[in-house]
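For any residue, its number in the numbering used here is found by taking its place in the sequence shown, counting from 1, and adding 224.
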Amino acid sequence: MSEWWRGSVTYQVYPRSFQDSDDDGIGDLAGITRRLPYLADLGIEAVWLSPVFKSPMADMGYDISDYTDIDPLFGTLNDFDALLDTAHDLGLKVIIDQVISHSSDQHPFFAQSRASRDGDKSDWYVWADALPDGSPPNNWLSVFGGSAWEWDSRRRQYYLHNFLPSQPDLNFHSPQVQDWALSVLKFWLDRGVDGFRLDTVNYYFHDQALRSNGPLAQRDNRPPVNPYELQDHEYSKSRPENLGWLERMRALLDQYGDRTMVGEVGDAPHRNVQIMADYTRPGRLHMAYSFDMLGPEFTAAHFRSKIEGFFNGAPDGWPMWAFSNHDVIRHATRWAEIGPQTTVAKLAAAMLLSFEGSICLYQGEELGQTETDIEFEELTDPPGIRFWPDYKGRDGCRTPMVWDAGPQGGFTAGLPWLPVKAPQLAQNVAGQTGRVGSVLEFYRKMIAWRRANPALVTGRTQFLDLPEPILGFTRAEGLACVFNLSSTPVKLMVEGQITPDAPQQSADLVGGVLTLGACGFAFLTGADGTPPKCRIAAASVT
Numbered sequence: 225m226s227e228w229w230r231g232s233v234t235y236q237v238y239p240r241s242f243q244d245s246d247d248d249g250i251g252d253l254a255g256i257t258r259r260l261p262y263l264a265d266l267g268i269e270a271v272w273l274s275p276v277f278k279s280p281m282a283d284m285g286y287d288i289s290d291y292t293d294i295d296p297l298f299g300t301l302n303d304f305d306a307l308l309d310t311a312h313d314l315g316l317k318v319i320i321d322q323v324i325s326h327s328s329d330q331h332p333f334f335a336q337s338r339a340s341r342d343g344d345k346s347d348w349y350v351w352a353d354a355l356p357d358g359s360p361p362n363n364w365l366s367v368f369g370g371s372a373w374e375w376d377s378r379r380r381q382y383y384l385h386n387f388l389p390s391q392p393d394l395n396f397h398s399p400q401v402q403d404w405a406l407s408v409l410k411f412w413l414d415r416g417v418d419g420f421r422l423d424t425v426n427y428y429f430h431d432q433a434l435r436s437n438g439p440l441a442q443r444d445n446r447p448p449v450n451p452y453e454l455q456d457h458e459y460s461k462s463r464p465e466n467l468g469w470l471e472r473m474r475a476l477l478d479q480y481g482d483r484t485m486v487g488e489v490g491d492a493p494h495r496n497v498q499i500m501a502d503y504t505r506p507g508r509l510h511m512a513y514s515f516d517m518l519g520p521e522f523t524a525a526h527f528r529s530k531i532e533g534f535f536n537g538a539p540d541g542w543p544m545w546a547f548s549n550h551d552v553i554r555h556a557t558r559w560a561e562i563g564p565q566t567t568v569a570k571l572a573a574a575m576l577l578s579f580e581g582s583i584c585l586y587q588g589e590e591l592g593q594t595e596t597d598i599e600f601e602e603l604t605d606p607p608g609i610r611f612w613p614d615y616k617g618r619d620g621c622r623t624p625m626v627w628d629a630g631p632q633g634g635f636t637a638g639l640p641w642l643p644v645k646a647p648q649l650a651q652n653v654a655g656q657t658g659r660v661g662s663v664l665e666f667y668r669k670m671i672a673w674r675r676a677n678p679a680l681v682t683g684r685t686q687f688l689d690l691p692e693p694i695l696g697f698t699r700a701e702g703l704a705c706v707f708n709l710s711s712t713p714v715k716l717m718v719e720g721q722i723t724p725d726a727p728q729q730s731a732d733l734v735g736g737v738l739t740l741g742a743c744g745f746a747f748l749t750g751a752d753g754t755p756p757k758c759r760i761a762a763a764s765v766t
């Protein structure tokens with residue numbers, strides 16, 4: 225079996241917001257199929273589709289009521305097959321979301337489970353009696369706010385929901401639940417998908433003794449917006465039984481050849497690296513999708529610590545790095561204070577696409593797209609509505625893809641489900657295609673350069689000891705990657721030369737002195753035909 229996924233570049237499509245084909249204001253599978261040539265031209269290897277299954281859409285598709293059919297909002301199974309065939313014809317892999325840690329409360333299984341304590345599906349969800357005073361069985365909290373337990377009057381018990389009350393958790397301690405989940409994966413593998421992005425991969429199992437979680441040490445004395453962040457979720461997720469389940473899933477995928485699994489791993493910083501290491505050991509996940517670079521931190525020490533931390537802790541594992549996704553503020557906005565939007569976007573792309581591991585891009589980031597400012601009355605996201613205005617939810621990063629400067633950005637001829645606003649409209653595909661210096665053309669060049677250089681795809685990383693704000697490392701045979709993570713120019717003494725065909729920004733090498741301007745970066749190799757070695761001798765901030 226090949227390992228096409230190792231070092232690959234995946235592009236996340238949020239189907240509701242990519243392209244609408246029937247003018248109902250919601251993106252769909254036919255619209256995605258229409259735009260697949262654009263993705264192929266971008267140079268990526270795989271497309272990750274966020275959920276398109278039947279759903280009441282309480283959490284925009286992450287609450288599934290039928291795991292083996294397409295929601296009519298997005299089309300039909302025939303539309304999915306057409307998308308898959310077109311993608312494969314273009315040389316693209318297709319990875320689909322699998323949200324099997326929980327279902328919708330509209331799923332027939334939950335209706336059967338809540339109907340009786342001794343029925344066929346009675347133990348398919350996590351049920352528990354109330355404490356003598358009527359309160360929930362423990363202190364577990366929901367990611368979306370409030371208790372993780374919801375009282376059900378039919379069973380006279382509480383059921384567990386790590387997210388919305390309408391998203392009850394499946395009970396993976398039940399062998400029947402595991403067998404059913406494998407049948408879901410098999411359905412889509414038989415249909416030809418190239419792999420799965422496993423949502424909340426560390427939430428499958430809970431502590432059967434229902435022990436309460438302890439507190440999590442805080443970095444400051446100010447309470448967080450969401451009290452979920454006050455707990456160390458030792459017992460409500462990331463349980464050791466999960467490892468055997470990952471091995472069962474991997475054994476199924478190994479029967480199908482060149483398929484892959486990437487798991488979304490999110491936990492407290494003090495255990496996150498260890499979980500990623502455990503989950504990507506041989507015979508488990510192919511890759512772990514990391515949250516470590518989806519926050520506000522933008523320092524050389526931060527990026528170095530996450531990459532070194534992973535490979536030191538998981539020498540046999542493999543990460544997938546991302547700067548943006550459908551759950552966080554877009555990185556062009558998070559890091560806007562570093563410098564001008566275009567230069568920061570290119571710096572971020574050059575960094576991410578130089579990291580050891582596989583890479584995941586989020587739709588629109590190749591345009592330098594920024595977060596949309598959403599008003600309260602425009603919100604659809606449940607946690608945004610609950611925690612407004614201190615947390616505005618995830619809608620700001622989910623607004624429609626902007627294809628041109630026309631009405632609704634070419635996304636739809638109808639009224640879009642989320643607004644297309646002027647700041648985002650200015651960063652559109654048509655306006656950047658073929659334009660020298662555009663963020664889009666830079667992404668194309670950087671992705672192509674990565675794919676053409678094995679050192680960047682699978683080469684090992686050796687970090688250079690440089691002061692802030694300089695991030696530097698070598699890959700494989702000595703290709704040096706150097707980045708100025710600030711708007712202040714820096715100078716470095718180097719031995720080597722700027723690689724002639726490599727992307728660069730605000731970089732000048734004269735007499736062994738490399739000057740990197742604001743958000744500047746360069747890729748360096750050996751000089752005069754010598755083996756590709758580069759040594760950073762000294763650095764100073766000017």
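A virtual CB, placed ideally from N, CA and C, is assigned to each residue, including glycine.
Counting every other CB atom within 10 Å of its CB across the protein chains shown gives Gln656 a total of 16 or more, marking it as buried. In the three-state reduction of the DSSP assignment, Pro439 falls in the strand class, which pools E and B.
For Asn426, no beta strand (DSSP E) encloses it, and the DSSP letter there is neither H nor E. Contact annotation: His331 and Ile294 have beta-carbon atoms that are not nearer than 8 Å.
When C-alpha distances from Pro448 are compared across Phe707, Leu477, Phe527 and Val367, the shortest belongs to Val367. Put simply, the backbone Cα of Asp244 is about 43 Å away from that of Leu440. Remark: C-beta atoms of Leu263 and Leu316 approach each other more closely than 8 Å. Rounded to the nearest angstrom, the Cβ distance from Leu591 to Asn652 is 7 Å, consistent with a contact under 8 Å.
Within the same chain, and ignoring the five residues on either side of Leu476 in sequence, the residues whose Cβ sits closer than 7 Å to its Cβ are Leu406, Leu409 and Lys410.
Annotated three-state conformation of Tyr452 is helix, per DSSP.
For a cut-off of 8 Å, the C-beta gap from Gln593 to Arg554 is around 6 Å, short enough to register as a contact. In the DSSP assignment, Pro613 falls outside any alpha helix (DSSP H) and carries neither an H nor an E. For Asn363, the three-state secondary structure derived from DSSP is coil. Annotation note: the segment 606–686 contains the following uninterrupted alpha helix (DSSP H) runs of length 4 or greater, listed N- to C-terminal: 606–611, 646–649, 653–656, 663–676 and 678–682. Residue state for Tyr235 is assigned as strand, using DSSP reduced to three classes.
DSSP, read as helix, strand or coil, puts Met284 in coil. Straight through space, the alpha carbons of Ile562 and Pro520 are spaced by roughly 11 Å. Taking Val350 as the centre and dropping the five residues before and after it, the same chain places the C-beta of Tyr383, Leu384, Asp393, Asn395 and His430 closer than 7 Å to its C-beta, in chain order.
Between Ala501 and Ala546, the C-beta spacing is not below 8 Å.
Three or more Cβ pairs drawn from the segment 454–474 and the segment 507–521 lie within less than 8 Å of each other, which places the two stretches in contact. In the DSSP secondary-structure assignment, Gln729 is bridged to Phe745.
Taking C-beta separations shorter than 8 Å and ignoring five residues to either side along the sequence, the partners of Gln498 in its chain run Gly537, following chain order. Leaving aside the five residues that flank Ala679 on each side, the residues in its chain whose CB is nearer than 7 Å to its CB run, in chain order, Arg699, Ala700, Glu701 and Leu703.
In the three-state reduction of the DSSP assignment, Phe707 falls in the strand class, which pools E and B.
According to the DSSP assignment, Ser407 belongs to no beta strand (DSSP E) but to the alpha helix (DSSP H) extending over Pro399 to Arg415.
No Cβ-Cβ contact shorter than 8 Å links Leu307 with Ile268.
Around the C-beta of Arg674, 16 or more other C-beta atoms lie within 10 Å, and the residue is accordingly described as buried. One alpha carbon belongs to Asp283, the other to Val271, and they sit about 22 Å apart.
Burial state of His494 is exposed, judged by a 10 Å Cβ sphere holding fewer than 16 other Cβ atoms.
Judged by their CB atoms, Ser662 and Lys715 are not nearer to each other than the 8 Å cut-off. Arg684 counts as exposed, since fewer than 16 other beta carbons sit within 10 angstroms of its beta carbon. Trp228 has its alpha-carbon roughly 14 Å from the corresponding atom of Tyr480. The three-state reading of DSSP puts Leu253 in helix, counting H, G and I together. By the beta-carbon neighbour count (other beta carbons within 10 angstroms, threshold 16), Leu301 is exposed. For Leu301, the three-state secondary structure derived from DSSP is helix.
Between Val401 and Ile320 the beta-carbon gap is near 20 Å, outside 8 Å, which marks them as no contact.
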